[in-house]
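Visitor: Numbering (this note's numbering), first residue to last: 5 to 189. Here a beta-carbon is modelled for each residue, glycine too, at the ideal position from N, C-alpha and C. Predicted model only: the values in this text are computed from it and were never measured. Below is one structure. I have some questions about it.
Next comes the structure, spelled out in structure tokens:
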């Protein structure tokens, strides 16, 4: 598998006009160059979150919204979850952390709740990825991203970003699963 961005595609509904046959493991990816590859989410928390989101999407027949989730359904995942509001009223969308899980806050060294992404230095790539997710309406997964800024002994993190929509079409919130780790997983 080549290094770089893995974008998870949902083939259960024929995501982006690709094959409508679901892979056996319910996960597939396209690398940055567009080549199909098998993607395995190695972090159990992120794999469980993706499967949960996918099950909701499949049962609803559309992108789920925040009210389709109950915290009681995800108790073990809550520390690794962040919810981000999407404000697309301006020319450039703005992203603000609605909530940040306790494990994420502990690992980052700060609670990000209420913080707007444009406030962070070097946030341009993160914003571009979020804008792309809102446009494509498809999840993405990054593994082993360097976390030079993390205050603990973490050197890498993995992140899963899942679109949420109140109308089933326009992405107005993003559900993130984030796991920090000290070495390449």
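Going by Cα to Cα distance, which pick from 165, 71, 75 is closest to residue 144?
Guide: Sequence index remark: in the chain shown, residue 144 carries index 140 (1-based). Among 165, 71, 75, the Cα nearest to that of residue 144 is on 165.
Visitor: Taking C-alpha atoms, which residue in 90, 95, 94 lies nearest to residue 178?
Guide: The count along the chain shown starts at 1 and reaches residue 178 at position 174. Residue 178 has its Cα closest to that of 90, out of 90, 95, 94.
Visitor: Can you look up residue 179 in the DSSP assignment and give me helix, strand or coil?
Guide: Taking the first residue of the chain shown as position 1, residue 179 is located at position 175. Strand.
Visitor: Thinking C-alpha only, which one of 61, 52, 51 is nearest residue 172?
Guide: Taking the chain shown and counting its residues from 1, the one referred to as residue 172 is at position 168. Of all alpha-carbon atoms in 61, 52, 51, the one lying nearest the alpha-carbon of residue 172 is that of 61.
Visitor: On a CA-only basis, which of 101, 128, 175 is nearest residue 69? Give me that one, please.
Guide: By 1-based counting over the chain shown, the position of residue 69 is 65. Comparing Cα-Cα distances from residue 69 to each of 101, 128, 175, the minimum goes to 175.
Visitor: Would you call residue 134 buried or exposed, if buried means 16 or more other Cβ atoms sit within 10 Å of its Cβ?
Guide: Your numbering for residue 134 matches position 130 in the chain shown. Residue 134 should be labelled buried.
Visitor: Hey, out of 56, 93, 63, whose CA is closest to residue 76's CA?
Guide: The sequence position of residue 76 within the chain shown is 72, counting from 1. It is 56 whose Cα lies nearest to the Cα of residue 76.
Visitor: If we count the other Cβ atoms within 10 Å of its Cβ and call it buried at 16 or more, is residue 124 buried or exposed?
Guide: Residue mapping note: residue 124 aligns to position 120 of the chain shown, counting from 1. Label assigned to residue 124: exposed.
Visitor: Hey, quick one: how far does the beta strand (DSSP E) through residue 85 stretch, first residue to last?
Guide: Working through the chain shown from its first residue, we reach residue 85 at position 81. Here the beta strand (DSSP E) through residue 85 covers 85 to 91.
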